[in-house]
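Those protein sequences? They're chains A and B, same order as listed.
Counting with our numbering, you get residues 990 to 1339 for the letters of the first sequence.
Counting with our numbering, you get residues 5 to 174 for the letters of the second sequence.
The beta carbon of each residue, even a glycine, is placed where N, CA and C say it ideally should be.
None of these values were measured; they are calculated from a predicted model.
What follows is one structure encoded as structure tokens, with my remarks underneath.
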Amino acid sequence: MQINDLLNHTSEWLKGTGPNSDIVISSRIRLARNLNKIPFPHWADKGQLDEVVNTVSAAVAKVSLLKKSTLFELAKLDSIDKQFLVERHLMSIEHAQKTEHKAVLVSEEEIISVMINEEDHLRIQLMQSGFNLFEAWNIINAVDDDLAKLLDYAFLPDFGYLTACPTNTGTGMRGSVMLHLPALVMSRQIERVLAAIAKLSFTTRGLYGEGTQASGNFFQISNQVSLGHSENEIIENINGLIRQIIEQETQAREIMLSKSKEVLEDRINRSLGILKSARIITSQETIELLSMIRLGSDLGMIRGIDRRIINELFITTQPAHLQKLENKKLSSQDRDLKRAELIRNKLNLI
Amino acid sequence: MLCDICGKNPATVHLTEIIDEQMNELHLCEDCARNKSAAMEQQFGLSDLLAGMADFGKPSAAEKEEAVNAKCPACGLTYADFKKVGRLGCGECYNAFRGYLAPLLKRIHGSNQHIGKNPSKVKTSSRMYKKKTNLEDLRNQLQQAIQKEAFEEAARLRDMIKEIERKKES
Chain A
990 MQINDLLNHT
1000 SEWLKGTGPN
1010 SDIVISSRIR
1020 LARNLNKIPF
1030 PHWADKGQLD
1040 EVVNTVSAAV
1050 AKVSLLKKST
1060 LFELAKLDSI
1070 DKQFLVERHL
1080 MSIEHAQKTE
1090 HKAVLVSEEE
1100 IISVMINEED
1110 HLRIQLMQSG
1120 FNLFEAWNII
1130 NAVDDDLAKL
1140 LDYAFLPDFG
1150 YLTACPTNTG
1160 TGMRGSVMLH
1170 LPALVMSRQI
1180 ERVLAAIAKL
1190 SFTTRGLYGE
1200 GTQASGNFFQ
1210 ISNQVSLGHS
1220 ENEIIENING
1230 LIRQIIEQET
1240 QAREIMLSKS
1250 KEVLEDRINR
1260 SLGILKSARI
1270 ITSQETIELL
1280 SMIRLGSDLG
1290 MIRGIDRRII
1300 NELFITTQPA
1310 HLQKLENKKL
1320 SSQDRDLKRA
1330 ELIRNKLNLI
Chain B
5 MLCDICGKNP
15 ATVHLTEIID
25 EQMNELHLCE
35 DCARNKSAAM
45 EQQFGLSDLL
55 AGMADFGKPS
65 AAEKEEAVNA
75 KCPACGLTYA
85 DFKKVGRLGC
95 GECYNAFRGY
105 LAPLLKRIHG
115 SNQHIGKNPS
125 KVKTSSRMYK
135 KKTNLEDLRN
145 QLQQAIQKEA
155 FEEAARLRDM
165 IKEIERKKES
């Protein structure tokens, strides 16, 4: 597989299917793992980092679920390719910086990715469409079991999996759920919800993880605690919280429909109108408007636009995706033109 | 007095900023002060937070001194390095700094006892199983001996582990 092959392909998690997919975009589990007796990436020398890349890629080739995966050495990729992988959520923004002796492994269908030499030697992640953390855990757990037979993980019975940062020690697990909460934002209840989430020791982030702003009504919620609870307990805790947020968003949507249907319909259709006719559009405006038509589609106000097409547009309108589609470097102004053209073509076809 | 930032509202918050030894006094209105403190919080990263946490609960100066000088025998990272960068150097650091990390982990996670999956149990099906558990058991016994301060017993166990590991490698 080449990077360009990913371009014509929809990631599994964008399919817009799965439980509660009107509100939940995707569910993600990541496991932090390190190899025994080798310093963590920030403290390792170049030879040790290369040893990690070699050891991990050799092991991965023997794991059945990862057999058809592709390893990308980051130092060999140009900046657009790296950003492209970040936009597809296959690796973190941090991983794309200082790329010597780092790699990312991407499975077929882009379901599983393994970042090698990010903050930890391995960051195994799996994304699923919809509200599906347990299914994600079952698959990633099997992959981790297979890897554990081939790799000597840094582990202590009392502290669990040992990670570079003590905030990940224990299970090394972070479960995240990406939510689309336009009604809670519009009804100004979101602050209250986010404050409650923070009190329960969960974190909220934007579309692209740590340090990114929540935009276009998208919120990624994940556990902070990774030690002292089993993996199943951690997932059950996140699920409990997510179920409550889904309920609140559903209620907020119902209230908006009953009290201000016309205003909502107007806003959603204006958003669609702009997307169908704009000639110049920034990525920030795109995300905000797409969020509205996604809500319109979920509420049955807009017919004939598949959720999957909206989901895809969130990703294909990002800067690196536009440049890959055009196969050349584009200035910010050129991107705004091309972005508008891409959206018009997609939405006017329907 | 009006706010130094917006120049519109009366200044009710008085702030002294020290940047690179330059002292700077700011008189701000409530809104501008709030924005300013949000910006300051962003600069205050996770490593600062961890480093700060690592300091709590270690009151005596002698203990602090000892903590700063503690060094991981495997990778050479000192506890002072950890406090600076917020990252440990290798898996062995968790043993080397056990006394300081156990309370730190408890503050971060509310617990310092792992009850999730265990990679050695996964290996049940492999042929290496017996040898692995043996080594694992010895390591557990070693930990217990250290905790009980039974150092002779610990030294004996450590030598046994080293012997097994040496055989495995050769």
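Cut-off 6 Å between Cβ atoms - residues of its own chain near residue i, not counting five sequence neighbours on either side
{"i": "B/Cys7", "result": "Asn13, Ala15, Leu32, Cys33 and Cys36"}
{"i": "B/Lys75", "result": "Thr82"}
{"i": "A/Ala1064", "result": "Thr1088 and Glu1089"}
{"i": "A/Ile1235", "result": "Asn1009 and Ile1012"}
{"i": "A/Arg1242", "result": "Ala1172"}
Residue i, buried or exposed, once every other Cβ within 10 Å from all chains shown has been counted against 16
{"i": "B/Asp163", "result": "exposed"}
{"i": "A/Ile1269", "result": "exposed"}
{"i": "A/Asn1043", "result": "exposed"}
{"i": "A/Glu1076", "result": "buried"}
{"i": "B/Arg170", "result": "exposed"}
{"i": "A/Asn1316", "result": "exposed"}
{"i": "B/Pro77", "result": "exposed"}
{"i": "A/Ser1102", "result": "buried"}
{"i": "B/Ala84", "result": "exposed"}
{"i": "A/Asp994", "result": "exposed"}
{"i": "A/Ser1211", "result": "buried"}
{"i": "A/Arg1232", "result": "exposed"}
{"i": "A/Ser1016", "result": "buried"}
Inter-residue spacing [alpha-carbon to alpha-carbon] between residue i and residue j
{"i": "A/Gly1164", "j": "A/Gln1178", "result": "24 Å"}
{"i": "A/Ser1260", "j": "A/Trp1002", "result": "25 Å"}
{"i": "A/Lys1035", "j": "A/Arg1297", "result": "42 Å"}
{"i": "A/Leu1253", "j": "A/Met1245", "result": "7 Å"}
{"i": "A/Leu1024", "j": "A/Ala1143", "result": "5 Å"}
{"i": "A/Leu1331", "j": "A/Thr999", "result": "16 Å"}
{"i": "A/Asn1206", "j": "A/Pro1171", "result": "5 Å"}
{"i": "B/Glu167", "j": "A/Lys1051", "result": "30 Å"}
{"i": "B/Gln147", "j": "A/Leu1151", "result": "16 Å"}
{"i": "B/Lys87", "j": "B/Asn116", "result": "19 Å"}
{"i": "A/Arg1328", "j": "A/Pro1155", "result": "42 Å"}
{"i": "A/Met1162", "j": "B/Cys79", "result": "25 Å"}
{"i": "A/Ser1081", "j": "A/Glu1220", "result": "22 Å"}
{"i": "A/Glu1107", "j": "A/Pro1030", "result": "7 Å"}
7 Å Cβ shell around residue i - same chain, five flanking residues per side excluded
{"i": "B/Leu105", "result": "Tyr98"}
{"i": "A/Ile1263", "result": "Leu1278"}
{"i": "A/Pro1028", "result": "Gln1037"}
{"i": "A/Gln1307", "result": "Glu1076 and Ser1272"}
Range covered by the beta strand (DSSP E) that runs through residue i
{"i": "A/Leu1111", "result": "Leu1111 to Ser1118"}
{"i": "A/Val1182", "result": "Careful: A/Val1182 lies outside any beta strand (DSSP E), inside the alpha helix (DSSP H) at Ile1179 to Lys1188."}
{"i": "A/Met1162", "result": "Met1162 to His1169"}
{"i": "A/Asn1212", "result": "Phe1207 to Asn1212"}
{"i": "A/Ser1016", "result": "Val1013 to Arg1022"}
Extent of the continuous alpha helix (DSSP H) to which residue i belongs
{"i": "A/Thr1305", "result": "Arg1296 to Thr1305"}
{"i": "A/Asn1226", "result": "Glu1220 to Lys1248"}
{"i": "A/Ile1101", "result": "It is not in any alpha helix (DSSP H) - A/Ile1101 instead sits in the beta strand (DSSP E) that spans Ile1101 to Ile1105."}
Closer than 8 Å to chain C by CB, residue i
{"i": "A/Thr1088", "result": "Reference to chain C is not applicable here, since the protein chains of this structure are A and B."}
Legend entry - Residues, ordered as in the chain, of the segment 1213-1243 of chain A that lie near chain B by beta-carbon distance below 9 Å: Gln1213, Val1214, Ser1215, Leu1216, Gly1217, His1218, Ser1219, Glu1220, Asn1221, Glu1222 and Ile1223
Legend entry - Interface positions of the segment 106-120 of chain B facing chain A (Cβ-Cβ less than 7 Å), listed along the chain: Leu108, Leu109, Ile112, His113, Gly114, Ser115, Asn116, Gln117, His118, Ile119 and Gly120
Inset, instruction - Pull out every residue of the segment 1115-1138 of chain A whose Cβ sits closer than 7 Å to any Cβ of chain B, in chain order. - result: Asp1134, Ala1137 and Lys1138
Legend entry - Residues from the segment 1152-1185 of chain A in contact with chain B, defined by Cβ distance under 7 Å: Ala1153, Cys1154, Pro1155, Thr1156, Thr1158, Gly1159 and Thr1160
Legend entry - Contact list for the segment 90-101 of chain B against chain A, Cβ threshold 9 Å: Gly90, Arg91, Leu92, Gly93, Cys94, Gly95, Glu96, Cys97, Tyr98 and Asn99
Inset, instruction - Would you list, in chain order, the members of the segment 1004-1031 of chain A that have their beta-carbon closer than 8 Å to a beta-carbon of chain B? - result: Asn1023, Asn1025, Lys1026, Ile1027, Pro1028, Phe1029 and His1031
Inset, instruction - Output, in sequence order along the chain, the residues in the segment 139-160 of chain B whose CB is closer than 9 Å to any CB in chain A. - result: Glu140, Arg143, Asn144 and Gln147
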